[in-house]
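**Student:** Per numbering that gives the first Met the number 0, the very first residue in the sequence shown carries number 0; after that it's consecutive.
Every residue, glycine too, gets a C-beta built ideally from N, C-alpha and C.
My questions all concern the structure below.
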Amino acid sequence: MKPTDLVVTPMGVRFLNRRFPCSVGRGGIVANKREGDGGSPVGTHRIVGMLYRPDRIAASQLPNWALPIRPGDLWSDDPNDYDYNQLVRAPSPYSHERLTRADPQYDLILITDWNWLDPIPGRGSAIFLHTWRRPGHPTAGCIAFSQKNLLWIANRLRPESRVVIR
């Protein structure tokens, strides 16, 4: 592992020789991830995208490769959807998560490659890095941080940065 990796440990996430408090999935860290289990999947995951709410975070606060979340942007979490585990647009007849949430959890999203590009139905949809609901509150499987720490991390990611969950 390299200092540019985000390593999930019992003490939080280690990144660039710093530790950041985080929350993991309500199902804990799991070796056999399934849709809806609330687990954060063991493995080494690449960061493949960054999305942000332009009405809440200025583009100037982020790297130039961050993309704005638009009204109507959804993330498909329905294994029956051809676009399962992908960004889709409303309206969608399939189960999905709305990315323009009323709360700040998805104001900034780092997208990992978990079950992505060629997803296996039922293996679990997106594992994001996002803002936590509150410190220590579990997620549905994602890794969550304070917004301040997530912004700090987002601005220091390198192309080789990975999320390592053990």
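Could you give the distance in angstroms between the alpha-carbon of Ile-108 and the alpha-carbon of Leu-50?
**Tutor:** Position 109 of the sequence shown holds residue 108. Position 51 of the sequence shown holds residue 50. When rounded, the distance between both Cα atoms is 5 Å.
**Student:** Sort Gly-38, Ala-125, Pro-118 and Asp-117 by Cα distance to Trp-74 and report the nearest one.
**Tutor:** Here residue 74 refers to the residue found at position 75 of the sequence shown. The shortest C-alpha separation from Trp-74 is found at Ala-125.
**Student:** Answer yes or no: do Asn-148 and Phe-19 have a C-beta to C-beta separation smaller than 7 Å?
**Tutor:** As a working note, residue 148 is residue 149 in the sequence shown. As a working note, residue 19 is residue 20 in the sequence shown. In contact: Asn-148 and Phe-19 (Cβ atoms closer than 7 Å).
**Student:** According to DSSP, simplified to helix, strand and coil, what is Ala-153?
**Tutor:** In the sequence shown, residue 153 corresponds to position 154, counting from 1. Ala-153: helix per DSSP, three-state reduction.
**Student:** For the pair the region 95-104 and the region 52-72, tell me if three or more CB-CB distances fall below 8 Å.
**Tutor:** Yes, they touch.
**Student:** Three Cβ pairs or more, each shorter than 8 Å: is that satisfied between the region 53-62 and the region 79-88?
**Tutor:** No, the region 53-62 does not touch the region 79-88.
**Student:** Taking only runs of the beta strand (DSSP E) that begin and end inside the region 49-128, which ones reach a length of at least 3 residues, in chain order?
**Tutor:** Correct list: 72-75, 86-88, 95-97 and 107-111.
**Student:** Please list the terminal residues of the continuous beta strand (DSSP E) segment that includes Val-163.
**Tutor:** Position 164 of the sequence shown, counting from 1, holds the residue named residue 163. From DSSP, the beta strand (DSSP E) with Val-163 extends over 161-164.
**Student:** Around the C-beta of Lys-1, are 16 or more other C-beta atoms found within 10 angstroms, so that it is buried, or is it exposed?
**Tutor:** For the purposes of this step, residue 1 is taken as residue 2 along the sequence shown, with counting starting at 1. Lys-1 comes out exposed.
**Student:** Determine, for Ser-124, whether the minimum Cβ-Cβ distance to residues of chain B falls below 7 Å.
**Tutor:** Absent from the structure: chain B. Only one protein chain is present.
**Student:** Name the residue from Val-162, Leu-156 and Arg-165 whose alpha carbon lies nearest to the alpha carbon of Leu-63.
**Tutor:** Along the sequence shown, read from residue 1 onward, the residue named residue 63 stands at position 64. In the sequence on display, residue 63 carries Asn and not Leu. Answer by Cα proximity: Leu-156.
**Student:** Starting from the N-terminal side, write out each stretch of the beta strand (DSSP E) that is 3 residues or longer and does not extend beyond the region 13-39.
**Tutor:** 17-19
**Student:** Between the alpha carbons of Arg-52 and Gln-146, how many angstroms are there, rounded?
**Tutor:** The residue labelled residue 52 in the question sits at position 53 within the sequence shown. The residue labelled residue 146 in the question sits at position 147 within the sequence shown. Distance between the alpha carbons of Arg-52 and Gln-146: 12 Å.
**Student:** Could you tell me if His-136 is buried or exposed, where buried requires 16 or more neighbouring beta carbons within 10 angstroms of its beta carbon?
**Tutor:** The sequence position of residue 136 within the sequence shown is 137, counting from 1. With fewer than 16 other Cβ atoms within 10 Å, it is exposed.
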